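Residue numbers (the working numbering), protein chains in the order written: chain B, 1 to 280; chain E, 1001 to 1089.
A virtual CB, placed ideally from N, CA and C, is assigned to each residue, including glycine.
Keep in mind the model is a prediction, meaning the values are calculated, not measured.
Presented below is the structure to which this report refers.
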């Protein structure tokens, strides 16, 4: 069972999916959430807060594997306790989320700003999305949240999401103190701090409720899906001239599905697989 | 994956801050690194005032993830000030 659905899902809404529970977008949740000491900087000074290096883990690498395991576990526990694990969503679920949250604002991506010094200054360049009452704060603090906020309605937000999907960004729902959902990152490896943490150290993101599967009869071996996969789950097999998905590595982001020109990839419900329903 | 294996010395990337003073506007090493080893952070935050990255020393460059450094030396080539040194031990 998904960690967040277990704790914050409501069977009355969206089959118990936590991100389809309207309560988790509410103003009250924003007030109630507890981010914990380690994450306070993220909001008070995001230009210096986002993308902090995992100093403890780096130091442990010089000491040996046990020290690394310990440092990774410590950091993972911290993220979990603060409710800062993101969740990957495929485009169709991402569009449903757009109808639940208000207001929705397009903003500059802080990870790209901090890691690549990329300045996004207007609505055509923004590659991140903030949701909920927290956005009103961003608008009021232009000196911190550079580039400002561009508020959009749900239809514009969906259109923007489809554009980001076409480009090949993974949609990562970001709780800022779960269950409160405050952002919707559009991620890439290595730009995104969370995907990076997940791929390098094994924590940071929860998988989506879906799994991708290739229909070999339809696959023409073009290989488009392979370059869209950020998680290393897709490989191209020359012998059979088909794409293969490793379901244990698949995060169910659906980028391969939306990118496939033959419609040969479809998303299955993760819960329908007796083993993978335990793999998050 | 990094989690297994023997202890290893990470490459050490030294930044000469007397030479590297406006990394946010220069951004050459930040953008060329294939594994995104560097990060840039604002060091001077003032309330109700936007920090101008063109002023020297307002932003500082860090080698964020030396474990990912492949020693391709591309950053050394693009740095206009010669502020970077990579030490392998």
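Do you know offhand how far residue i's Cα is from residue j's?
i	j	result
residue 95(B)	residue 1065(E)	34 Å
residue 1068(E)	residue 227(B)	21 Å
residue 113(B)	residue 119(B)	6 Å
residue 267(B)	residue 165(B)	15 Å
residue 283(B)	residue 254(B)	Residue coverage of chain B in this structure runs from 1 to 280, which leaves residue 283(B) outside it and unanswerable.
residue 223(B)	residue 259(B)	10 Å
residue 252(B)	residue 240(B)	24 Å
residue 271(B)	residue 247(B)	13 Å
residue 281(B)	residue 214(B)	Chain B is shown only over 1 to 280; residue 281(B) falls outside these bounds and no answer can be derived.
residue 1025(E)	residue 262(B)	44 Å
residue 152(B)	residue 107(B)	11 Å
residue 15(B)	residue 4(B)	13 Å
residue 65(B)	residue 1030(E)	29 Å
residue 21(B)	residue 10(B)	6 Å
residue 58(B)	residue 69(B)	11 Å
residue 1087(E)	residue 1014(E)	8 Å
residue 1011(E)	residue 185(B)	31 Å
residue 1(B)	residue 277(B)	7 Å
residue 1039(E)	residue 110(B)	11 Å
residue 1004(E)	residue 78(B)	Its pLDDT being 48, under 50, residue 1004(E) is placed unreliably in this model, and the value from its coordinates should be taken loosely. Each residue's alpha carbon lies about 22 Å from the other.
residue 172(B)	residue 195(B)	9 Å
residue 160(B)	residue 225(B)	21 Å
residue 1054(E)	residue 1023(E)	9 Å
residue 129(B)	residue 264(B)	30 Å
residue 18(B)	residue 1084(E)	47 Å
residue 1061(E)	residue 117(B)	10 Å
residue 1019(E)	residue 98(B)	47 Å
residue 27(B)	residue 155(B)	22 Å
residue 102(B)	residue 135(B)	9 Å
residue 123(B)	residue 1045(E)	25 Å
residue 1075(E)	residue 32(B)	45 Å
Return helix, strand or coil for residue i, following the three-state DSSP convention.
i	result
residue 1032(E)	helix
residue 1085(E)	strand
residue 1047(E)	coil
residue 272(B)	helix
residue 216(B)	coil
residue 133(B)	coil
residue 128(B)	strand
residue 119(B)	coil
residue 8(B)	helix
residue 211(B)	strand
residue 50(B)	Residue placement at residue 50(B) is flagged as unreliable, the pLDDT there being 49, under the threshold of 50; a coordinate-derived value is accordingly withheld.
residue 162(B)	helix
residue 1008(E)	coil
residue 267(B)	strand
residue 1014(E)	strand
residue 1071(E)	coil
residue 80(B)	helix
residue 91(B)	helix
residue 1065(E)	coil
residue 70(B)	helix
residue 18(B)	helix
What do you reckon, are the CB atoms on residue i and residue j nearer than 7 Å?
i	j	result
residue 180(B)	residue 84(B)	no
residue 25(B)	residue 100(B)	yes
residue 1017(E)	residue 1042(E)	no
residue 132(B)	residue 182(B)	yes
residue 1028(E)	residue 1071(E)	no
residue 60(B)	residue 76(B)	no
residue 104(B)	residue 157(B)	yes
residue 189(B)	residue 137(B)	no
residue 1009(E)	residue 1089(E)	yes
residue 250(B)	residue 212(B)	yes
For residue i, write down the residues that DSSP places opposite it in a beta bridge.
i	result
residue 174(B)	183(B)
residue 150(B)	106(B)
residue 235(B)	244(B)
residue 1059(E)	1042(E)
residue 86(B)	205(B)
Restricting to Cα atoms, I'd like to know which of the options is closest to residue i.
i	options	result
residue 125(B)	149(B), 115(B), 64(B)	149(B)
residue 1080(E)	1021(E), 1013(E), 1011(E), 1012(E)	1021(E)
residue 279(B)	231(B), 82(B), 209(B), 237(B)	209(B)
residue 233(B)	199(B), 218(B), 220(B)	199(B)
residue 192(B)	1063(E), 1035(E), 1076(E)	1035(E)
residue 257(B)	7(B), 173(B), 169(B), 77(B)	169(B)
residue 93(B)	274(B), 269(B), 275(B)	269(B)
residue 87(B)	56(B), 174(B), 217(B)	174(B)
residue 1037(E)	171(B), 23(B), 54(B)	54(B)
residue 217(B)	238(B), 243(B), 197(B), 202(B)	243(B)
residue 221(B)	6(B), 91(B), 135(B), 245(B)	245(B)
residue 203(B)	6(B), 81(B), 62(B), 8(B)	81(B)
residue 197(B)	73(B), 121(B), 91(B), 238(B)	73(B)
### Task
With 7 Å as the limit, tell me which residues of the segment 1028–1057 of chain E have their beta carbon closer than that to any beta carbon of chain D; keep them in chain order.
Absent from the structure is chain D; the protein chains it does hold are B and E.
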